[in-house]
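Everything on this sheet refers to the single structure shown next.
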Amino acid sequence: MSVHPITRRAIYRRLRAANPEPRSELHYTTPFELLVAVMLSAHTTDKSVNTATRRLFAVANTPAALLALGIEGVKPYLRAVGLYNAKSRNLIGLCRRLLEQHQGRLPARRAELEAL
Numbered sequence: 006m007s008v009h010p011i012t013r014r015a016i017y018r019r020l021r022a023a024n025p026e027p028r029s030e031l032h033y034t035t036p037f038e039l040l041v042a043v044m045l046s047a048h049t050t051d052k053s054v055n056t057a058t059r060r061l062f063a064v065a066n067t068p069a070a071l072l073a074l075g076i077e078g079v080k081p082y083l084r085a086v087g088l089y090n091a092k093s094r095n096l097i098g099l100c101r102r103l104l105e106q107h108q109g110r111l112p113a114r115r116a117e118l119e120a121l
């Protein structure tokens with residue numbers, strides 16, 4: 006379903022007026038940490054994600070550091086979130102793609118970010 010551009014802008018204006026400074030419940034300090042937290046948030050609570058990422062990011066908070074931990078090394082940190090086996094595999098895959106395709110940095114373009 007496509008929304009007419011004028012309608013879409015009106016919706017954005019109303020949302021901005023209602024909540025001029027939206028904040029995430031997720032705890033993060035870098036764009037990469039936010040990406041990881043959002044990825045882990047599927048089918049679980051932000052509280053569970055924050056518990057897991059607080060422990061994980063204290064040990065590894067870059068694509069290279071997480072990749073060095075590997076799937077089995079990441080799993081103990083993600084046990085607080087649902088589907089932690091799959092999320093561990095996906096997180097390591099994300100880190101690998103970021104390092105191979107983007108030199109470990111988040112892409113600036115939306116299409117490239119979504120392709121991760």
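Numbers 6 to 121, taken from the numbering used here, label the letters of the sequence shown in order. Glycine is no exception: its CB is placed at the ideal position from the N, C-alpha and C atoms.
Q | Proximal residues to L71 (C-beta, below 6 Å), its chain only, five neighbours per side dropped | A | Reading the sequence shown from its first residue, position 66 is the one you call residue 71. A65 and C100, listed in sequence order.
**Q.** Beta-carbon gap between V79 and L103 smaller than 8 Å
**A.** Working through the sequence shown from its first residue, we reach residue 79 at position 74. Working through the sequence shown from its first residue, we reach residue 103 at position 98. No, these two residues do not count as a Cβ contact at 8 Å.
**Q.** Cβ pair E77, F62 closer than 8 Å
**A.** Within the sequence shown, the letter at position 72 stands for residue 77. Within the sequence shown, the letter at position 57 stands for residue 62. Contact: no.
**Q.** Continuous alpha helix (DSSP H) stretch holding A15: start and end
**A.** The residue given as residue 15 occupies position 10 in the sequence shown. Segment P10 to A23, the alpha helix (DSSP H) holding A15.
Q: Within 10 angstroms of the Cβ of T58, are there 16 or more other Cβ atoms? Answer buried if so, exposed if not.
A: Sequence index remark: in the sequence shown, residue 58 carries index 53 (1-based). By the neighbour-count rule (16 or more Cβ atoms within 10 Å), T58 is buried.
Q.
Please report the distance separating the alpha-carbon of H9 from that of Q106.
A. In the sequence shown, the residue the question calls residue 9 occupies position 4. In the sequence shown, the residue the question calls residue 106 occupies position 101. Using only the alpha carbons, I get a separation of about 35 Å.
Q: Return the CA-CA distance between L118 and V41, expressed in angstroms with no decimal places.
A: For the purposes of this step, residue 118 is taken as the residue at position 113 of the sequence shown. For the purposes of this step, residue 41 is taken as the residue at position 36 of the sequence shown. Looking at the two C-alpha atoms, the distance is approximately 12 Å.
Q: Express the C-alpha separation of V86 and T50 in angstroms, rounding to a whole number.
A: By one-based count along the sequence shown, residue 50 stands at place 45. By one-based count along the sequence shown, residue 86 stands at place 81. Roughly 8 Å separates the two Cα atoms.
Q | Alpha carbon of R14 to alpha carbon of P25, nearest angstrom | A | Counted from its first residue, the sequence shown places residue 14 at position 9. Counted from its first residue, the sequence shown places residue 25 at position 20. Whole-angstrom Cα-Cα distance: 15 Å.
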